[in-house]
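First up is the structure itself, then whatever we jot down about it.
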Amino acid sequence: MNKDSGKSYTVKEATVKLMQFCAYRDRSQKEVEDKLLEMRMIPEAREQIIIKLMQEDFLNEERFARSFVRGKFRIKKWGRIRIRQELKLREISSPIIKLAMTEINEDDYRETLIELAEKKLKLLREPNKLKRRKKLSDHLLQKGYEAGLVFDLTSSLIE
Numbered sequence: 001m002n003k004d005s006g007k008s009y010t011v012k013e014a015t016v017k018l019m020q021f022c023a024y025r026d027r028s029q030k031e032v033e034d035k036l037l038e039m040r041m042i043p044e045a046r047e048q049i050i051i052k053l054m055q056e057d058f059l060n061e062e063r064f065a066r067s068f069v070r071g072k073f074r075i076k077k078w079g080r081i082r083i084r085q086e087l088k089l090r091e092i093s094s095p096i097i098k099l100a101m102t103e104i105n106e107d108d109y110r111e112t113l114i115e116l117a118e119k120k121l122k123l124l125r126e127p128n129k130l131k132r133r134k135k136l137s138d139h140l141l142q143k144g145y146e147a148g149l150v151f152d153l154t155s156s157l158i159e
């Protein structure tokens with residue numbers, strides 16, 4: 001039973017619906033499982049559907065993780081720590097997370113961190129150097145960048 005329409009799904013109908021769901025954009029296995037629970041499918045049917053989606057390459061955790069890493073870094077400008085935490089929340093395994101993190105080029109990473117810092121620094125109207133450095137550091141740490149990189153950068157930007 002779907003909570004919206006009260007509709008029951010056969011395994012075949014649910015499979016087709018989930019194929020469309022996965023074709024729209026890459027999904028994690030957890031997202032698919034949540035969708036199947038929402039559709040109130042029994043455990044045996046959920047397992048059968050997930051296996052079918054994997055066999056037909058609609059569901060691929062590595063592809064999802066790589067795509068997630070690229071998107072969150074390029075669009076949201078998140079750091080590695082934040083991206084890794086978000087993947088863990090989506091129950092992606094450590095080896096796949098490690099593989100997916102290779103999507104981030106080291107030079108691009110440092111360049112993005114500098115761009116973010118310079119942009120934020122222009123917005124800060126704090127006259128006190130220490131407070132300005134703290135606000136900048138907090139912003140970059142919240143974005144998920146490593147403390148060592150953040151503190152080295154903020155020290156060099158705010159003399």
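Counting from 1, position 96 in the sequence shown corresponds to residue 96 in UniProt numbering; the numbering is continuous, with no gaps. From the three backbone atoms N, C-alpha and C, an ideal C-beta is built for every residue, glycine too.
C-beta atoms of S28 and E62 nearer than 8 Å: No. Outside cutoff.
C-beta contact flag for K135 and E146 at 8 Å: no
Nearest candidate by alpha-carbon position, reference L116, set K7, L149 and E13: Put simply, of K7, L149 and E13 the residue whose alpha carbon is nearest the alpha carbon of L116 is L149.
Backbone CA spacing between G144 and R90 [nearest angstrom]: 17 Å
Candidates F151, I114, E118 and E56, of which the one nearest V16 by Cα: Nearest Cα to V16 within the set F151, I114, E118 and E56: E56.
Nearest neighbour of A65, chosen from R25, Q48, K52 and I51 [CA to CA]: R25
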